[in-house]
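Numbering (the working numbering), first residue to last: 75 to 442.
Every residue, glycine too, gets a C-beta built ideally from N, C-alpha and C.
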């Protein structure tokens, strides 16, 4: 506890970029954060999600995307090949770079039939690292799903965390939720994808932002995935963010949507040995998603092919489909379950979170 408090003092009193004092991360980032090693060890109590000064420059500006109308190469039979491309998107004065994966499409593919997944990386990560670690492109290729990976800027957050812990980034029509929803809609229009099947998923800070999107933009996202994240509204500043992350008792999360308003279905993954974001946050995500629903859950125990045990709990909605699904990963730390060791924040021993998320997502679509 003394070390945690000392870290907080360094993080909030320094004059360096992002509000950190020199030496706030003695010896560099925690093990597993900037290497390919599985980030499952609870050895380091230092946390980084949310521990930064946020620079908000909300200006009114037209939404633009580059390229706005991508050139899609086609083979002699009219099919389009697989693409892994760079792009940029501007909305309300903020610009995001992104990486876009679009699998090959047959010449006779129905228009607007391909789904889209928005993947939100964790702190210190980038789109290429996140794509490698989650292996989402490999699965998307098999399933015929496009994937976009936006990159948080160091100007917005010095550790490249999505700003889930600030109230201006927890609301519809403002901040990062508005920017990310507009990006997804722009990609759908430019690539002629299916607007009824747009999904969002993220890890850690990205998972927290994905949960916010599920609350405030259920008319854009048909379902969301939260891996090692926190519930929407769990914090409104640095101090409450750190408290929520370590699982300290806090007030109930602030509502980010109107009472009784629809929210997107959600699938949750969280290790019960996570020393960065306490597992109690997964319980809070599920509770908020159920919104007082009395549906009896269905629970099953199992093991991944690599031997890691898990508990899966499913809550069915009124239509019989699973509306809330949660996976407690036994002994797992702060890492993407079943990911590749070639990426950061991954635990190859675990159940394949990417495959399970895609499976869950593709059972849900929005009514247009």
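Query: Cα-Cα separation between residue 210 and residue 156, rounded to whole angstroms; Result: 14 Å
Query: Residue of 438, 422, 433 and 417 minimising C-alpha distance to residue 207; Result: 417
Query: C-beta atoms of residue 186 and residue 293 nearer than 7 Å; Result: no
Query: Residue 442, buried or exposed, once every other Cβ within 10 Å from all chains shown has been counted against 16; Result: exposed
Query: Which residues DSSP lists as bridging residue 276, in chain order; Result: 194 and 300
Query: Residue 234 classed as buried or exposed, judged by whether at least 16 other C-beta atoms fall within 10 angstroms; Result: buried
Query: Secondary structure of residue 207, DSSP reduced to three states; Result: helix
Query: Sequence-distant residues of its chain with Cβ nearer than 6 Å to residue 189 (five each side left out); Result: 219, 268 and 271
Query: Limits of the alpha helix (DSSP H) - the one that residue 357 falls within; Result: 354-364
Query: Counted within 10 angstroms of its Cβ, other Cβ atoms place residue 451 as buried (16 or more) or exposed; Result: The displayed coordinates of the chain run from 75 to 442. Any statement about residue 451 would go beyond what the structure contains.
Query: Limits of the unbroken beta strand (DSSP E) element including residue 386; Result: 383-390
Query: Collapsed DSSP secondary structure at residue 289 in the structure displayed; Result: helix
Query: CB contact flag (residue 295, residue 315, <7 Å); Result: no
Query: Contact check, residue 363 vs residue 398, beta carbons under 7 Å; Result: yes
Query: Segment limits, beta strand (DSSP E) that includes residue 224; Result: 220-225
Query: Per-residue burial, residue 136 [other beta carbons within 10 Å of its own, 16 or more giving buried]; Result: Confidence is the limiting factor: at residue 136 the pLDDT is only 44, short of 50, which leaves the residue's position unreliable, though a coordinate-based value still follows. Classification of residue 136: exposed, given that the 10 Å Cβ count is below 16.
Query: C-alpha gap between residue 387 and residue 360, whole angstroms; Result: 10 Å
Query: Local conformation of residue 400 per DSSP, three classes; Result: strand
Query: heavy atom of the ligand COA below 6 Å from residue 438 C-beta; Result: Absence of the ligand COA from the depicted structure is noted, as is the absence of any ligand whatsoever, leaving it without description.
Query: Among 205, 158, 400 and 432, the one whose alpha carbon lies nearest that of residue 374; Result: 400
Query: Boundaries (first-last residue) of the beta strand (DSSP E) holding residue 413; Result: That residue, residue 413, is in no beta strand (DSSP E); it is neither H nor E in DSSP.
Query: Cβ neighbour criterion (16 or more within 10 Å) applied to residue 158; Result: exposed
Query: Exposure of residue 393, with buried meaning 16 or more beta-carbon neighbours within 10 Å; Result: exposed
Query: Rounded straight-line distance, which links the Cα of residue 311 to that of residue 426; Result: 33 Å
Query: Collapsed DSSP secondary structure at residue 337 in the structure displayed; Result: coil
Query: Residue 297 and residue 251 closer than 7 Å at C-beta; Result: no
Query: Three-way DSSP call (helix, strand, coil) for residue 265 in this model; Result: helix
Query: CA nearest to the CA of residue 342, picked from 365, 304 and 336; Result: 304
Query: Length of the line joining the Cα atoms of residue 291 and residue 282; Result: 14 Å
Query: Closest residue to residue 176 among 170, 200, 420 and 222 (Cα-Cα distance); Result: 222
Query: Cβ-Cβ distance between residue 280 and residue 407 below 7 Å; Result: no
Query: Coil, strand or helix - residue 170 by DSSP; Result: strand
Query: Residue 271, enclosing beta strand (DSSP E) - first and last residue; Result: Taken as a continuous stretch (DSSP letters only), residue 271 belongs to no beta strand (DSSP E), as it is neither H nor E.
Query: Alpha-carbon spacing of residue 436 relative to residue 317, whole angstroms; Result: 35 Å
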